[in-house]
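In short: position in the sequence shown from 1, add 33, done, that's this note's numbering. The C-beta atom is built at its ideal place from N, Cα and C for all residues, glycine as well. Keep in mind it's a predicted model, so treat the numbers as computed, not measured.
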Amino acid sequence: MGDENYIFNYGFEVSYENKDIYGYDIQVDYSYVYSDFDNFLKFVYTGESDPTPIGYSYSDISLSLNNFDLSLKNEIDEYFSYGFGPSFSFVNRSYIMIL
Numbered sequence: 034m035g036d037e038n039y040i041f042n043y044g045f046e047v048s049y050e051n052k053d054i055y056g057y058d059i060q061v062d063y064s065y066v067y068s069d070f071d072n073f074l075k076f077v078y079t080g081e082s083d084p085t086p087i088g089y090s091y092s093d094i095s096l097s098l099n100n101f102d103l104s105l106k107n108e109i110d111e112y113f114s115y116g117f118g119p120s121f122s123f124v125n126r127s128y129i130m131i132l
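Below, the structure written as structure tokens:
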């Protein structure tokens with residue numbers, strides 16, 4: 034089940050909330066996600082006049098995502114709250130050729 038070349042996918046999130054600063058709650062979040070595929074593309078080398086394969090090369094890809102969120106929150110009641118604020122995302126995509 035699934036792709037045998039799918040190597041890894043993991044992530045985590047850390048959050049901190051400070052209560053009652055000028056009537057609002059301030060929340061800071063950081064999350065990180067990483068995903069990797071081995072042998073995503075396969076390249077075949079052939080001769081000039083013969084289509085018989087004489088060699089192969091592969092490429093791997095990976096993606097990492099870092100998110101930073103800052104929110105001002107206010108509670109509507111015991112079960113609901115709303116928040117607003119900026120979010121920053123840093124994405125790193127890597128394409129690696131293996132010859």
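So if DSSP puts residue i in a beta bridge, which residue, or which two residues, is it bridged to?
{"i": "Asp58", "result": "Lys106"}
{"i": "Thr79", "result": "Pro86"}
{"i": "Glu46", "result": "Ser64"}
{"i": "Gly116", "result": "Lys106"}
Going by beta carbon distance, what residues of the same chain come within less than 8 angstroms of residue i, once the five residues before and after it are set aside?
{"i": "Lys106", "result": "Glu50, Tyr57, Asp58, Ile59, Gln60, Ser114, Tyr115 and Gly116"}
{"i": "Lys52", "result": "Asp58"}
Are the Cβ atoms of residue i and residue j separated by less than 7 angstroms?
{"i": "Ser92", "j": "Phe70", "result": "no"}
{"i": "Leu98", "j": "Val124", "result": "yes"}
{"i": "Val77", "j": "Pro86", "result": "yes"}
{"i": "Tyr65", "j": "Gly44", "result": "yes"}
Measure from the alpha carbon of residue i to the alpha carbon of each residue in the options, then state which is nearest.
{"i": "Leu132", "options": "Ser90, Ile54, Thr79 and Asp62", "result": "Ser90"}
{"i": "Tyr63", "options": "Asp53, Glu46, Thr85 and Ser127", "result": "Glu46"}
{"i": "Tyr67", "options": "Tyr78, Ile94, Ser82 and Ile54", "result": "Ile94"}
{"i": "Ile129", "options": "Tyr112, Leu96, Asp110 and Ile54", "result": "Leu96"}
With a CB to CB cut of under 7 angstroms and the five nearest residues on each side skipped, what residues in its chain are close to residue i?
{"i": "Lys75", "result": "Tyr89 and Tyr91"}
Going along the chain, which residues of its own chain have a beta-carbon closer than 6 angstroms to the beta-carbon of residue i, five neighbours each way excluded?
{"i": "Arg126", "result": "Leu96"}
{"i": "Asn100", "result": "Ser64 and Ser122"}
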